[in-house]
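A.B. asks:
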Amino acid sequence: MLQELKALAGRNAGEAGCGIVSVCSAHEWVIEATLRHAIDGVGPVLIEATCNQVNQFGGYTGMTPADFRAFVEGIAASVGFPLERLILGGDHLGPNPWRDKPAELAMRHAEAMVAAYVEAGFGKIHLDASMGCAGEPEAVGDNLAAERAARLAAAAEAAAARSGVTPPLYIIGTEVPTPGGALEAIDHVLPTEPEAALETHRIHAEAFAAAGLSDAF
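Residues in the sequence shown are numbered from 0 upward in steps of one, following numbering that gives the first Met the number 0.
1) Reducing DSSP to helix, strand and coil, say where residue 126 ends up.
2) Could you check what DSSP says for residue 105 in three-state terms: helix, strand or coil?
3) Counting C-beta neighbours from all protein chains within 10 Å, is the total for residue 59 16 or more, i.e. buried, or is it exposed?
4) Starting from residue 170, trace the alpha helix (DSSP H) in both directions and tell me its first and last residue.
5) For residue 5 and chain D, any beta-carbon pair shorter than 8 Å?
6) Count the CB pairs spanning the stretch 42-57 and the stretch 16-27 that are closer than 8 Å, and state whether there are at least three.
7) Go through its chain and collect everything with a Cβ distance to residue 151's Cβ below 7 Å, but skip five positions before and after it.
8) Report the option in 198, 100, 165 and 169 whose CA atom is closest to the CA atom of residue 132.
9) For residue 172 and residue 38, I'd like the C-alpha separation in whole angstroms.
10) Return the chain-ordered list of same chain residues with a C-beta closer than 6 Å to the C-beta of residue 215, the five sequence neighbours on each side being excluded.
11) Just tell me which of 121, 7 and 42 has its CA closest to the CA of residue 63.
12) What span of residues does the alpha helix (DSSP H) with residue 141 cover, start to end?
13) Which of the three DSSP states, helix, strand or coil, is assigned to residue 192?
14) For residue 47, does the count of other Cβ atoms within 10 angstroms reach 16, so buried, or fall short, so exposed?
15) Work out the CA separation of residue 208 and residue 87 for me, nearest whole Å.
16) Among the candidates 169, 90, 80 and 137, whose CA atom is the shortest distance from the CA of residue 21?
17) For residue 134, collect the residues of the same chain with a Cβ closer than 6 Å to its Cβ; drop the 5 residues on either side in sequence, then sort them by chain order.
18) Please classify residue 5 as buried or exposed, where buried requires at least 16 other C-beta atoms within 10 Å of its C-beta.
Here you go:
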C-alpha cells in the first residue's frame with residue numbers, strides 16, 4: 000500500500016483531485032467509522048497520529064507509537080478491515096511537544112520519537128521542524144527547518160535499518176495548522192503558491208543531500 004501512496008505524487012501531476020484522505024484521530028469511534036466506511040473499497044486507508052497525541056512518552060493519549068498501532072489494528076480486526084490496506088502515519092513529527100526546551104534537547108527527543116514511529120511500522124512520516132524551541136523565534140527559518148527535518152529523516156532511516164522495516168515515505172512542508180489544529184479562529188485558508196512549494200522542495204532537497212540522504216528524498 001505504500002507504493003500506492005508513493006504513486007499519488009506522479010499521478011497528481013496529470014490528474015485533478017488525485018489524493019488520499021488522511022484521518023488524523025485517536026478516537027475509537029472516528030477510527031471505527033473510517034474503517035467501516037472504507038471496508039468495501041479497494042484502496043488504502045491512512046490513519047495518522049500527531050506528535051502531541053502519540054510519542055515515546057505516551058503523548059496526551061497515553062499511547063506510544065507501538066500502542067497506537069495495536070489500538071488501530073484491534074479496531075480493524077473488530078470490523079473485519081484487512082490490515083494490508085491500512086497505512087499508519089505520523090503527523091507533524093518534530094520538536095513541537097518539547098519546544099519549551101533548548102533546541103538540542105528537543106531535537107534529541109524528536110529523533111527518538113521518529114525512530115519509535117518507524118520501528119512501530121508507520122509508513123508515512125510528516126517531518127515538521129519549523130517551530131522554534133526555547134530562546135528561538137516562534138518559527139525558525141526555512142533553511143534551519145529543512146536541516147532539522149533532514150536530521151529527523153536520518154534518525155528514521157537508521158531506525159528502519161536497525162529494525163528491518165521498510166523505510167517510510169516522507170512528507171515535507173509546514174503550511175498547515177499546528178498539530179491538533181489552529182490555535183486561533185480562522186475563516187479562510189490561503190492555498191500554497193506554486194513558487195513557495197518549489198522553494199520548500201529545493202531547500203529540503205539540498206538539506207537531505209548535505210546529510211547524505213538524497214536517496215531518501
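Backbone N, C-alpha and C define an ideal beta-carbon position, used for all residues, glycine too.
C.D. replies: If we stick to the structure as given:
1) strand
2) helix
3) exposed
4) Run containing residue 170: none in the alpha helix (DSSP H); it sits in the beta strand (DSSP E), 168-170.
5) Protein chain content of the structure displayed is limited to a single chain, and chain D is not contained in it.
6) yes
7) 92, 93, 109, 110, 113, 126 and 128
8) 100
9) 31 Å
10) 152 and 156
11) 121
12) 141-162
13) coil
14) buried
15) 27 Å
16) 90
17) none
18) exposed
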